[in-house]
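Peer 1: The sequence shown lines up with residues 0 to 292 when you count with numbering that gives the first Met the number 0.
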Amino acid sequence: MAILLDKNTRVMCQGITGWAGTHHVTQMMEYGTKVVGGVRPGKGGRSHLNLPVFDTVSAARDETGANASIIFVPPASAAAAMIEAIEAEIPLVVTVTERVPLLDMIRVREALAGSRTRLVGANSQGVLAPGVAKLGVMATGSERPGGVGIVSRSASLTSEVVAQVSAAGLGQSTTVGVGGDPIHGLSMRDCLELFFADPETEGVVLIGEIGGFEEQEAAEFIREAKPSKPIVALIVGAHAPAERRMGHAGALAIGGAAAASAKIAALEQAGVRIAPSAGLVGRTMAEALAKTH
């Protein structure tokens with residue numbers, strides 16, 4: 000069983016008529032995702048990719064029964080798109096857009112508070128449940144259905160770890176890219192809670208990096224939850240220079256607590272196995288699962 004997605008997930012795309020929306024929605028449909036329509040203000044009543052286009056999210060929801068949205072909207076408009084989906088009570092919203100202004104994301108977080116929506120991203124590669132559905136931009140071909148949940152802040156490392164887990168004969172229940180920006184929706188802790196409750200997820204891989212305190216929050220949750228499922232973590236950026244931005248806005252270590260060493264220490268104290276290198280995550284999870292059987 001996957002988390003966040005299932006065979007009943009009906010997807011709309013906000014920004015479907017742009018290049019990114021057109022390209023990635025086409026790939027999502029080829030993967031088998033049930034895309035039912037799109038939203039583009041001013042183009043309601045038209046069709047695109049043989050799908051109906053609506054002016055508003057609420058109209059798309061009412062006409063198609065969509066219960067998830069993926070957002071391919073430019074950064075300046077992305078917050079308004081997310082808030083519109085939240086106010087329309089769409090249960091799952093995945094935002095791929097990068098470089099959404101931080102003050103805009105603060106407004107989005109305020110809109111999320113007390114809402115019925117789970118937001119993944121912004122700056123997320125998406126959610127992939129092998130054999131079920133894909134909402135996002137991640138490459139496919141290496142994924143396999145299986146029992147390992149993956150939650151990640153890094154898109155490129157996710158692809159590598161998915162390939163390793165599949166090569167180890169394990170497969171994935173769901174892969175979730177929580178987003179690389181400092182302020183985003185669903186957290187690593189939130190994903191762990193969902194994976195712990197999923198009976199078909201046997202173990203979890205956590206891919207973290209320098210910057211912020213999300214890994215420490217995850218470690219605290221693990222320490223309190225005491226899960227029977229093994230957790231393997233990969234924390235990258237140990238050799239990054241201090242106070243220099245690496246890659247994206249979230250990968251910036253200011254202060255000792257945001258450094259890789261502090262995150263690794265917190266996770267080890269919570270009982271998490273730390274993968275010795277990026278190339279050994281799959282093997283480390285296979286060894287951890289073998290000890291539980």
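Even for Gly, the Cβ is constructed at its ideal location relative to N, Cα and C.
Only a predicted model underlies this, so the values are computations on that prediction, with no experimental measurement involved.
So is Q171 buried or exposed if we call it buried at 16+ other beta carbons inside 10 Å?
Peer 2: Counting Cβ neighbours within 10 Å, Q171 comes out buried, since at least 16 surround it.
Peer 1: Report all residues from its chain with a CB closer than 8 Å to the CB of A265; omit the five preceding and five following residues, and keep chain order.
Peer 2: Closer than 8 Å at the Cβ level, and outside the excluded window around A265, lie E214, Q215, A218 and E219.
Peer 1: So, is R45 buried or exposed, given that buried needs 16 or more other C-beta atoms within 10 angstroms?
Peer 2: So R45 ends up on the exposed side.
Peer 1: Is it buried or exposed, R272, if we count other Cβ atoms within 10 angstroms and call 16 or more buried?
Peer 2: Burial call: buried.
Peer 1: Going by beta carbon distance, what residues of the same chain come within less than 8 Å of P90, once the five residues before and after it are set aside?
Peer 2: The residues are N66, A67, R115, T116 and R117.
Peer 1: Are the CB atoms of V160 and L233 nearer to each other than 9 Å?
Peer 2: It is a contact, given that the beta carbons lie within the stated cut-off.
Peer 1: Is it a yes or a no for the segment 148–167 touching the segment 98–110, going by three-plus beta-carbon pairs under 8 Å?
Peer 2: At 8 Å Cβ cutoff, the stretches do not touch.
Peer 1: Please classify L134: does DSSP put it in a helix, a strand, or coil?
Peer 2: DSSP places L134 in strand when its eight states are reduced to three.
Peer 1: Can you tell me whether Q163 is buried or exposed? The criterion is at least 16 other CB atoms within 10 Å of its CB, across all chains shown.
Peer 2: Q163 should be labelled buried.
Peer 1: Ends of the alpha helix (DSSP H) at R222?
Peer 2: First-last of the alpha helix (DSSP H) with R222: E213 to A224.
Peer 1: Smallest Cα separation from G202: which of V35, R282, G43 and S260?
Peer 2: Checked all of V35, R282, G43 and S260; the closest Cα to G202 is R282.
Peer 1: Along the chain, where does the beta strand (DSSP E) containing G176 start, and where does it finish?
Peer 2: Its beta strand (DSSP E) spans residues Q171 to G176.
Peer 1: Which residue from L48, V147 and G36 puts its Cα closest to that of S57?
Peer 2: Per the Cα distances, G36.
Peer 1: Near V235, what residues of its chain come up, given a Cβ to Cβ distance below 6 Å and the 5 sequence neighbours on each side ignored?
Peer 2: The residues are E208.
Peer 1: Run through DSSP, which three-state label would H23 get?
Peer 2: Correct three-state label for H23: helix.
Peer 1: Measuring alpha carbon to alpha carbon, tell me which residue in L279, T174, K290 and E97 is nearest S76.
Peer 2: Checked all of L279, T174, K290 and E97; the closest Cα to S76 is E97.
Peer 1: Mind checking who G148 pairs with in its DSSP beta bridge?
Peer 2: Partner(s): V203.
Peer 1: Spell out the partners DSSP gives I234 in its beta bridges.
Peer 2: Partner(s): G207.
Peer 1: Would you call the CB atoms of S165 and E142 closer than 9 Å?
Peer 2: For S165 and E142, yes; Cβs fall inside 9 Å.
Peer 1: Between N7, H23 and K42, which lies nearest to T139 when the distance is taken from Cα to Cα?
Peer 2: Comparing Cα positions, the closest option is H23.
Peer 1: Do V177 and L169 come within 9 Å of each other at the CB atom, strictly closer than that value?
Peer 2: The answer is no: Cβ separation not under 9 Å.
Peer 1: How many Å lie between A167 and A285 at the Cα?
Peer 2: So the two alpha carbons sit approximately 7 Å from each other.
Peer 1: Taking CB distances under 9 Å as the criterion, tell me whether I206 reaches chain B.
Peer 2: Here there is only one protein chain, and chain B is not present.
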